[in-house]
Each structure stands twice: as C-alpha cells, then as structure tokens.
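Quick note, the sequences are listed as chains C and Z, same order. Numbers in my numbering are just positions in the first sequence, counted from 1, shifted up by 41. Numbers in my numbering are just positions in the second sequence, counted from 1, shifted up by 41. Written below as structure tokens is the structure these notes are about.
Protein chains: 2
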Amino acid sequence: MKKIVTLSHGSGGKTTQDFIKDHILSRFDFPPLEELLDSALLEFSGRLAFTTDAFVVRPIFFPGGDIGKLAVSGSVNDLAAVAAQPLFLSVSLILEEGLELEELDLVLESMKKTCDEVGMKLATGDTKVVEKGAGDKIYISTSGIGARKQNPDPRPGLIRPGDLILVTGGIGEHGIAVLQARERFFKDLEVNSDCAPLWPLVEILLKERVKIHAMRDPTRGGLATALSELARESNLCLEIEEEKIPVQETVRGACEMLGLDPLYLACEGRMIIILPPEDSLKGLNLLKEHPLGRGAVSIGRCLEKPPGIALLSTKIGGRRVLSPLAGEQLPRIC
Amino acid sequence: MKKIVTLSHGSGGKTTQDFIKDHILSRFDFPPLEELLDSALLEFSGRLAFTTDAFVVRPIFFPGGDIGKLAVSGSVNDLAAVAAQPLFLSVSLILEEGLELEELDLVLESMKKTCDEVGMKLATGDTKVVEKGAGDKIYISTSGIGARKQNPDPRPGLIRPGDLILVTGGIGEHGIAVLQARERFFKDLEVNSDCAPLWPLVEILLKERVKIHAMRDPTRGGLATALSELARESNLCLEIEEEKIPVQETVRGACEMLGLDPLYLACEGRMIIILPPEDSLKGLNLLKEHPLGRGAVSIGRCLEKPPGIALLSTKIGGRRVLSPLAGEQLPRIC
Numbered sequence: 042m043k044k045i046v047t048l049s050h051g052s053g054g055k056t057t058q059d060f061i062k063d064h065i066l067s068r069f070d071f072p073p074l075e076e077l078l079d080s081a082l083l084e085f086s087g088r089l090a091f092t093t094d095a096f097v098v099r100p101i102f103f104p105g106g107d108i109g110k111l112a113v114s115g116s117v118n119d120l121a122a123v124a125a126q127p128l129f130l131s132v133s134l135i136l137e138e139g140l141e142l143e144e145l146d147l148v149l150e151s152m153k154k155t156c157d158e159v160g161m162k163l164a165t166g167d168t169k170v171v172e173k174g175a176g177d178k179i180y181i182s183t184s185g186i187g188a189r190k191q192n193p194d195p196r197p198g199l200i201r202p203g204d205l206i207l208v209t210g211g212i213g214e215h216g217i218a219v220l221q222a223r224e225r226f227f228k229d230l231e232v233n234s235d236c237a238p239l240w241p242l243v244e245i246l247l248k249e250r251v252k253i254h255a256m257r258d259p260t261r262g263g264l265a266t267a268l269s270e271l272a273r274e275s276n277l278c279l280e281i282e283e284e285k286i287p288v289q290e291t292v293r294g295a296c297e298m299l300g301l302d303p304l305y306l307a308c309e310g311r312m313i314i315i316l317p318p319e320d321s322l323k324g325l326n327l328l329k330e331h332p333l334g335r336g337a338v339s340i341g342r343c344l345e346k347p348p349g350i351a352l353l354s355t356k357i358g359g360r361r362v363l364s365p366l367a368g369e370q371l372p373r374i375c
Numbered sequence: 042m043k044k045i046v047t048l049s050h051g052s053g054g055k056t057t058q059d060f061i062k063d064h065i066l067s068r069f070d071f072p073p074l075e076e077l078l079d080s081a082l083l084e085f086s087g088r089l090a091f092t093t094d095a096f097v098v099r100p101i102f103f104p105g106g107d108i109g110k111l112a113v114s115g116s117v118n119d120l121a122a123v124a125a126q127p128l129f130l131s132v133s134l135i136l137e138e139g140l141e142l143e144e145l146d147l148v149l150e151s152m153k154k155t156c157d158e159v160g161m162k163l164a165t166g167d168t169k170v171v172e173k174g175a176g177d178k179i180y181i182s183t184s185g186i187g188a189r190k191q192n193p194d195p196r197p198g199l200i201r202p203g204d205l206i207l208v209t210g211g212i213g214e215h216g217i218a219v220l221q222a223r224e225r226f227f228k229d230l231e232v233n234s235d236c237a238p239l240w241p242l243v244e245i246l247l248k249e250r251v252k253i254h255a256m257r258d259p260t261r262g263g264l265a266t267a268l269s270e271l272a273r274e275s276n277l278c279l280e281i282e283e284e285k286i287p288v289q290e291t292v293r294g295a296c297e298m299l300g301l302d303p304l305y306l307a308c309e310g311r312m313i314i315i316l317p318p319e320d321s322l323k324g325l326n327l328l329k330e331h332p333l334g335r336g337a338v339s340i341g342r343c344l345e346k347p348p349g350i351a352l353l354s355t356k357i358g359g360r361r362v363l364s365p366l367a368g369e370q371l372p373r374i375c
C-alpha cells in the first residue's frame, strides 16, 4: 500500500519529528534534529533583500517542472529581480491529508535540486496538514533572504528614456504547459514550462558590470502586466514591438485555439531587464551565452511620453495600450 | 451584498493590485504601490534569526484571538525563543474563493495590531486565491527575521543540571478555546486562548541581564512534547512536578470531560524558560510583573540522570516519562 500523509504528520509530535528527520533534514544537509531550534541562527551583514510567495499551482506536476521547483524559483527570481544573491530559504508546507508521500518526496527533491543550482540554503521550515478536501495536495509558501549586489539597486526609478527592454526568452510557456497538464485540451501538444531559478543569469550581468536599471519577472499577469507596472512606476512610456516578442510557435497556436493572449500568460523563468543603451548589446550577448538566456531578445525601448503607460506597436503599424490583466485568465497557474 | 474574495484577487492583475493597495499597504504604513519591488530592501548587520510557520487553524476566529494574531505571534515567539528581537515579517495568504472581505479585513487588522505590539514591520507579502472547496477561508504563512540579542544564544546545549524550569502562564488555554469555538461541546464554557506575542516578556529578561539557558514555546504537542524535545536535545533529565503546573480550572474541567491531557494541548502565548538557579528568582519576579507573564511559575528542574528524558512527578509520588505526542490530539489547532 502506498504511504500517505495523515493528520498526525502535522501534529507537532512524534510523527512530525520522524517525517522531518527522514524526509527533510537528511535531504537538505541539515544539522541533526537535536540541534534544531525554533529559528535558524544565521549571520548577515549589509544590504538585505527579503521576499515571500505562495504557490498553489494545479496540477503539482507539469512538463518542465513541479510545485517544488516553482516555489524555490519564485523566491529566487524575486530576489534576482533586485539583483540580490539568494542565500537562505524558508519553506512552509500545507499538505492535504491523503497525499502520497512518494509525490511529496518528488517535490522535496526538486526543491533541493533547485536550491543547489543557485547555492541557496534551506534555513527553516514548517509543515501543517489539513483534512482531505480542505486543501489540494500541496500548497507551498517560500521566503527568501538575499544579499543585494548592485548599488544602486535596480528599480523603476532608475529607468531613463532611451533605455532598452530585454526579455530573456519566449513568453507564456509556463501558462500553456500548466493548462495542458490540467485540462489536456490538445492531444499532442508538448510545451515545457520555462520555470527556472534565474539568479545565475543575473549574476553574469553583475559580474561583467553591466548596468541594470530595472528588472521584473513576468509571472501572474504576464509580460503585459509587468510592463504596465514598470511604466506606471517609472512614469515613462515602455514601448515594445509585437514582432520582436518571442513566442514559441506551439504557444502561439495553443493561444489562438483557446482565445488566450500570450502577453498575459505567466512565465516562471523569464526576466524583463531594462538597460541603458550603451550596456544593452553587451548584456544581450552575455545572456545569450547562458542556457537560461539563450532566447534573450531586445523587444522595445523606454520613451519620455506618454508617461506611465506601456504600449505595443503592432505588426501592421498600430499602437495599443497594454493594461494590467483585468479579471483572471487562468486561476492557480503558480 | 457582502463583498467576497474572488479568483481575480489572486490573478496578479488589476484586482490584485487594488486589493493590495486598499487592504494591505494603507493598513501597514507601506510605501505607495509605485515603490514596491519584487523583494523588500532592508539593512541588517550581525547575528540574524530566521523562522517560518504555516497557520491553518479552524475556525479562524476564536475567543482571545484569530488566525491573524496567531500567525504573527507564532513567528514572533519562534524568534523570541532564541532571544531574537522581531524586526521584519513576511506574510503569504492563501484565500478561499468566497471568503468575505470583511472577515479578511478583521484578520489583517489583527496582524497589524500584533506587529505593532512588538515593533515588527511587515516587509513583504503575497496573496493567492484557490477555488471554493480547495481551501478553508484563510491559510497564512509568516516568516520572521530577528536580531539575536543574547550571546551565547539560548539553546538546549546550555542547559545544566540544577537549572530551573519556568513556564510563563497556564497551559492548554489555546487548545480548549479553539476546540470550544469549533465544536461547542460546552454550553457555557468560557476559555480565552493565551495567544500572544511574547517578545516583550523575553526582552525584559534580557534587559535585566537574566541569563537564559534555553527557551521553547509549547505550541502543537503542548508542554509535554516541548519538554521531551528539550530533554533529548540537552541529553539531561527535565523533571516537572504535576502539582506545580498551572492549569486553569475551566481547562482542567474541559479536559476531564473530553478525555484530553492538558500537558499535550497547544499553547500559543506561553514560553518554557530554563535558567540557572542563581538567576531564576529574579527572572520569575520580572516575568510576573508583566501582564503576559503574570501566571509565571517554576515547575521543575534539570537533573543529570536519567539522560534525555522528561519526567513528571505526580501528586501521589509517582514518576512517569513524558513522551512526545503520538498521533494527533487536535488537528488544525494552529
């Protein structure tokens, strides 16, 4: 019989302790249970970044990733977006009674692998269990602590007219991959989520002293929502060109069939990077040399006017405003 | 009609932004939405503590508290247990579609109040919404960053034979308060949860230079589980005397009726504090002067043998081993 998660895994008693010892501590190179305290004891000096995210993606496994990889990547990318090196992670698990332990192990293994890819250490965690029907397999909240590596920190206030807008790869792949895994709308569609931890990509730019004015990872709400936020926050116009936006053929086709706009689909392993023009070619070339940035392209530029809005210039020469996502395109995509 | 949470509150688009602006930023004295980045930018130097907890208590309101007060207190108390001053909080909300916004506002208000009581600042957050039936109103995960204020940090390894064991107030009140709110087993039972942020209590001891050898807040699994952990981790014997353990008459009565053991019921505003004998009287008096420690008492002491176990000496002169909680006494108590 398959082993499953029971309410006693969240009791705080013997079963919880055994679960933590057998499934978490050994996997994440922790000190023994005997040395665990209520809080992790760490050292940190200087400019710190702190972020948190909840993950409720359905299904928990999808082509190219799973909720574990997603949860670690999410916090890593929020740190990377302020040029912060990911150092310490906290993980809070809300498990549904009846979840197969084997599935949970796969998710934990995937978290460990993703942490290792960026040199992040799991510092602390918590596990709660809710009754069958009061959750949906696994919900994960992660928080990350990072060390800010660029001074001044990248932020919309640094964006200047003339800056170029890069995106590090094709958009919408995560959205379509999860939707396909969930609904099986298409018989043969194969799209992998772009889900990935992007710190290595940002680190290269920082090491090579490429000046970064602003970054944002276009997750929920997609590229269009992220650009409209950046435009509003910088009080400049961010104009992108439709024909330059990288969209995989399969993603484009699926979107047409389903009436979805790829500009509003979630990415989980892409970064929008805004650079001064003199740094942009160097930056673009560095990105392209790394597997996570192979599809990087320049998609537009920043203008003085009209202030506070993002614009799309279409293939046929029109211009339209990119508004933030209204309503909900795809629930539980991340 | 009452306003409710919809899936679009978690979309990352316009509704999410409006929700964050109207319900979170204004309440928590945040900078305007325009200045929010993917991570909070903070400064920190030195000895840091980092903790996280998930909260799934049912119901979300109970006498003496609610899930918001509980979630902030939980992280504060985990920091306090390593003598760390709570500085920065992250909050991740998983909301069930259909939750009344009015209820959510009460919870957020309560979080703000609890943060203020200890001078902790909300630094960053995230909100996700799951479909009706895939959650239960509100799940909250909090993470806390604190500054460690005692060197060496309190930890089981510092405990010495002869040390005294204090508890800061009556046990089991949280467990019974939640159970009564959930099941209404008793018509007239009035027990308030002890749920509270304990940093102010610990701060007093530190300021008055009381040496603290170890602390733990006896949440899930209760006093017995926490003591058995501390015994194992220190490899000493922790012996407490049954007749000294503070249990409110109403809690004792309810436990007898329901066949529950108060030693295994969760507290959410109590701390076990282990001190060298020469500091214990001063410590106890300081605790008693503060409203959160008015019920503080010495309940036992640490012995060399038998190593690694917690013992209860009973009123009739027997001794029994306190094991960690086996199975699950009360699911979703915190």
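For every residue, glycine included, the Cβ atom is placed at its ideal position computed from N, Cα and C.
So with Cβ pairs under 9 Å, would you call residue i a contact of chain C?
i, result
"Z:Gly160", "no"
"Z:Asp63", "no"
"Z:Ile357", "no"
"Z:Glu144", "no"
"Z:Phe102", "no"
"Z:Pro347", "no"
"Z:Asp107", "no"
"Z:Ser364", "yes"
"Z:Arg342", "no"
"Z:Gly187", "yes"
"Z:Gln191", "no"
"Z:Gly351", "It is worth fixing the name first, because residue 351 of chain Z is Ala in this sequence and not Gly. Judged by the 9 Å Cβ criterion, Z:Ala351 is not in contact with chain C."
Quick check: is the beta carbon of residue i nearer than 9 Å to any beta carbon in chain Z?
i, result
"C:Met152", "no"
"C:Met376", "Because chain C in this structure spans residues 42 to 375, residue 376 of chain C falls outside the shown range and cannot be described."
"C:Ile406", "The displayed coordinates of chain C run from 42 to 375. Any statement about residue 406 of chain C would go beyond what the structure contains."
"C:Phe69", "no"
"C:Glu76", "yes"
"C:Ala367", "yes"
Looking at the structure shown, is residue i part of a helix, part of a strand, or coil, going by DSSP?
i, result
"Z:Val335", "Just to set this straight, residue 335 of chain Z is Arg in the shown sequence, not Val. DSSP places Z:Arg335 in coil when its eight states are reduced to three."
"Z:Gln5", "No answer is possible for residue 5 of chain Z: it lies beyond the span of chain Z, which begins at 42 and ends at 375."
"Z:Asp63", "helix"
"C:Asp107", "strand"
"Z:Cys296", "helix"
"Z:Ser275", "helix"
"Z:Leu352", "strand"
"Z:Gly368", "coil"
"C:Ser182", "strand"
"Z:Thr168", "strand"
"Z:Ala188", "strand"
"Z:Cys156", "helix"
"C:Ala265", "helix"
"C:Glu283", "helix"
"C:Lys329", "helix"
"Z:Gly53", "coil"
"Z:Lys162", "strand"
CB of residue i to nearest heavy atom of the ligand NAD: below 8 Å?
i, result
"Z:Pro317", "Among the components of this structure there are no ligands whatsoever, and the ligand NAD is therefore not found."
Original post:
Is there contact here, the stretch 204-219 of chain Z with the stretch 79-92 of chain Z, by at least three beta-carbon pairs under 8 Å?
Top reply: No: fewer than three Cβ pairs fall under 8 Å.
Original post:
In chain order, which beta strand (DSSP E) runs of at least 3 residues are fully inside the stretch 197-246 of chain C?
Top reply: Scanning the stretch 197-246 of chain C from its first residue to its last, the whole beta strand (DSSP E) runs of 3-plus residues come out as 205-208.
Subject >> Contact residues within the stretch 48-59 of chain Z, judged by C-beta distance below 9 Å to chain C >> reply: Here the close residues are Leu48, Ser49, His50, Gly51, Ser52, Gly53, Gly54, Lys55, Thr56, Thr57 and Gln58.
**OP:** Check distances from the C-beta atoms of the stretch 83-99 of chain Z to those of chain C and list, in chain order, the residues that come in under 7 Å.
**Re:** Listed by position, the residues of the stretch 83-99 of chain Z near chain C (Cβ gap below 7 Å) are Leu83, Glu84, Phe85, Ser86, Gly87, Arg88, Leu89, Ala90, Phe91, Thr92, Thr93, Asp94, Ala95 and Val97.
Subject >> Unbroken stretches of the beta strand (DSSP E), 3 residues or longer, contained in the stretch 75-144 of chain Z >> reply: Within the stretch 75-144 of chain Z, the complete beta strand (DSSP E) runs of at least 3 residues are 81-96 and 125-137.
**OP:** With 7 Å as the limit, tell me which residues of the stretch 195-229 of chain Z have their beta carbon closer than that to any beta carbon of chain C; keep them in chain order.
**Re:** Residues Arg196.
**OP:** Indicate whether the contact test is met: 3 or more Cβ pairs, each with one atom in the stretch 163-179 of chain C and one in the stretch 124-144 of chain C, closer than 8 Å.
**Re:** The stretch 163-179 of chain C vs the stretch 124-144 of chain C: in contact.
Original post:
Just by C-beta distance, which residues in the stretch 259-274 of chain C are closer than 7 Å to chain Z?
Top reply: Of all residues in the stretch 259-274 of chain C, Thr260, Arg261, Gly262, Thr266, Arg273 and Glu274 have a Cβ within less than 7 Å of some Cβ in chain Z.
Original post:
Does the stretch 43-61 of chain Z touch the stretch 246-262 of chain C, meaning 3 or more C-beta pairs lie closer than 8 Å?
Top reply: Result yes; three or more Cβ-Cβ pairs closer than 8 Å.
**OP:** May I ask you to verify whether the stretch 231-251 of chain C touches the stretch 263-281 of chain C, counting CB pairs closer than 8 Å and requiring at least 3?
**Re:** Taking one beta carbon from each stretch, the stretch 231-251 of chain C and the stretch 263-281 of chain C have fewer than 3 pairs nearer than 8 Å; the two do not touch.
Original post:
Which of the residues in the stretch 306-330 of chain C, read from start to end, lie with their CB under 7 Å from any CB of chain Z?
Top reply: Near chain Z, meaning a CB-to-CB distance below 7 Å, no residue of the stretch 306-330 of chain C qualifies.
**OP:** Taking a Cβ distance cut-off of 8 Å, strictly less, list which residues of the stretch 159-185 of chain Z are near chain C, in chain order.
**Re:** So the list reads Ala164, Thr165, Gly166, Asp167, Thr168, Lys169, Val170, Val171, Glu172, Gly174, Ala175, Gly176, Asp177, Tyr180, Ser182, Ser184 and Gly185, given in the order they occur along the chain.
Original post:
Three or more beta-carbon pairs under 8 Å between the stretch 287-305 of chain C and the stretch 315-334 of chain C, yes or no?
Top reply: The stretch 287-305 of chain C is not in contact with the stretch 315-334 of chain C.
Original post:
Per the contact definition of three or more C-beta pairs closer than 8 Å, is the stretch 196-210 of chain C in contact with the stretch 313-323 of chain C?
Top reply: In this structure the stretch 313-323 of chain C lies against the stretch 196-210 of chain C, because at least three pairs of beta carbons, one per stretch, are closer than 8 Å.
**OP:** Using a Cβ-Cβ cut-off of less than 8 Å, give me the residues of the stretch 121-140 of chain Z that come near chain C, in sequence order.
**Re:** If the cut-off is 8 Å between Cβ atoms, the stretch 121-140 of chain Z has Ala122, Val123, Ala125, Phe129, Ser131, Val132, Ser133, Leu134 and Ile135 near chain C.
**OP:** Determine, using beta-carbon pairs with one atom in the stretch 173-185 of chain Z and one in the stretch 113-128 of chain Z, whether at least three such pairs fall under 8 Å.
**Re:** Short answer: they touch.
**OP:** Determine, using beta-carbon pairs with one atom in the stretch 222-233 of chain Z and one in the stretch 328-343 of chain Z, whether at least three such pairs fall under 8 Å.
**Re:** Flag = no, the stretch 222-233 of chain Z and the stretch 328-343 of chain Z do not touch.
**OP:** Determine, using beta-carbon pairs with one atom in the stretch 100-110 of chain C and one in the stretch 151-165 of chain C, whether at least three such pairs fall under 8 Å.
**Re:** Verdict: yes, contact present.
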